[in-house]
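Enquirer: 205 is the number that this note's numbering gives the last residue of the sequence shown; the numbers go up by one with no jumps. One structure, as structure tokens, below. Some questions next.
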Amino acid sequence: MMLRTLAYGGRVIYSRTACEVERSAEKILRLVEERRSKEEAVALGFDMEWKPSFKKGVSPGKAAVMQICGDMDNCYVFHIFHSGISQNLQLLLENNTIPKVGVGIAIDAKKAFKDHNVCVSSLVDLSTLANQKVHGGPSKRSLSSLSLEFLYQELPKENFIRLGNWETDILSEKQLDYAATDAYISWKLYHALMELPNVD
């Protein structure tokens with residue numbers, strides 16, 4: 006069977022200043038309210054990136070990039086290494102009525118609190134959710150394996166991008182695409198999984 010490689014085809018909104026982050030976070034909050042007014046399901050695909058360390062005894066870099074996706078048309082990439090966490094972004098992250106979905110999302114939330122003193126609440130780990138929907142398989146699944154299993158599509162994992170410098174002054178197009186794709190796939194997977202019944 007030929008598998009199609011997944012890629013995000015929507016618009017990537019890149020915010021690297023505090024003002025840009027504030028405006029983008031406000032747009033996401035409005036999107037959430039619009040969805041709720043129509044009684045539609047609300048969830049935000051969520052992921053973060055930071056500069057890794059390859060030296061023993063040297064800590065990884067500060068959480069540098071946060072990506073959030075709430076629909077198939079727009080994905081927001083926040084360069085929080087430069088902007089910090091704006092008021093609206095903090096409101097969004099700490100809102101416990103808005104599910105944030107991803108793989109290993111508790112690790113990201115812990116990193117966000119440690120580096121930026123913000124509590125990301127209402128976390129849904131997609132690996133745990135998948136275990137509620139199917140018998141068997143590994144208890145811990147990666148985003149890539151979940152994509153294959155439930156979306157029948159391959160997720161490109163380019164290590165040279167993932168392990169690159171997320172603290173750079175301006176993110177490259179490849180970095181933006183990588184970040185947006187991860188958040189989008191998390192959002193898409195959540196909705197696909199929620200359509201499946203729970204196993205007994």
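All C-beta atoms, glycine included, are put in the ideal place defined by N, C-alpha and C.
1) Less than 8 Å between C-beta atoms, sequence neighbours within five positions excluded: which residues of the same chain meet that for S88?
2) When burial is assigned at 16 or more other CB atoms within 10 Å of the CB, is R146 buried or exposed?
3) Just verifying my parser: in three-state terms, what is the DSSP assignment at K60?
4) Note the first and the last residue of the continuous alpha helix (DSSP H) segment covering D187.
5) Output the residue ranges of the alpha helix (DSSP H) runs that lie fully inside the stretch 82-154 and measure 4 residues or longer, sorted by chain position.
6) Counting Cβ pairs, one atom from each stretch, are 3 or more of them under 8 Å apart for the stretch 151-167 and the stretch 180-199?
7) Buried or exposed: L201, going by 16 or more other Cβ atoms within 10 Å of its Cβ?
8) Classify I73 as helix, strand or coil using the three-state DSSP reduction.
9) Per DSSP, which one or two residues make a beta bridge with G50?
10) Using the beta-carbon count (16 or more within 10 Å), is A185 buried or exposed?
11) From S91 to D182, what distance separates their C-alpha atoms?
12) When we look at the beta-carbon of V204 and count the other beta-carbons within 10 Å, is it buried (16 or more) or exposed?
13) Using a threshold of 8 Å, state whether the C-beta atoms of L131 and G107 are closer than that.
14) Rounded to a whole number of angstroms, what is the C-alpha to C-alpha distance between I175 and D78?
15) On the criterion of 16 or more Cβ atoms from any shown chain inside 10 Å, does V17 qualify as buried, or is it exposed?
16) Just how far apart, CA to CA, sit A69 and A117?
17) Could you tell me the alpha carbon to alpha carbon distance between L128 and K61, rounded to whole angstroms?
18) Would you tell me roughly how many angstroms separate the C-alpha atoms of K43 and S64, rounded to the nearest one?
19) Report back the beta-carbon spacing between G169 and C80 to the nearest angstrom; my notes put them in contact at under 8 Å.
20) So, with DSSP's three-state summary, where would you put A12?
Expert: To lay it out plainly:
1) Excluding sequence neighbours, S88 sits near S20, R21, T22, A23, E25 and V26.
2) R146 sits buried, since 16 or more C-beta atoms from the chains shown fall within 10 Å of its C-beta.
3) Per DSSP, reduced to three states, the secondary structure at K60 is coil, with no helix or strand assignment.
4) Unbroken alpha helix (DSSP H) run through D187: E178 to M199.
5) Counting only runs of at least 4 residues, the stretch 82-154 fully encloses the following alpha helix (DSSP H) elements, listed from N- to C-terminal order: 85-88, 92-99, 110-121, 131-138 and 148-151.
6) With the rule of 3 Cβ pairs closer than 8 Å, the stretch 151-167 counts as touching the stretch 180-199.
7) Answer is exposed; the Cβ neighbour count stays below 16.
8) I73: strand per DSSP, three-state reduction.
9) Checking the DSSP bridge columns, you'll see G50 partnered with C74 and V106.
10) By the 10 Å Cβ count, A185 comes out buried.
11) Roughly 23 Å separates the two Cα atoms.
12) Exposed.
13) Yes, these two residues count as a Cβ contact at 8 Å.
14) Roughly 23 Å separates the two Cα atoms.
15) Counting Cβ neighbours within 10 Å, V17 comes out buried, since at least 16 surround it.
16) Note on geometry: alpha-carbon atoms of A69 and A117 lie some 10 Å from one another.
17) Rounded to whole angstroms, L128 to K61 spans 31 Å at the Cα level.
18) Near 45 Å, if we compare the C-alpha coordinates of S64 and K43.
19) Their Cβ separation, rounded to whole angstroms, is 19 Å, which puts G169 and C80 out of contact at 8 Å.
20) DSSP places A12 in the coil class of the three-state scheme, outside both helix and strand.
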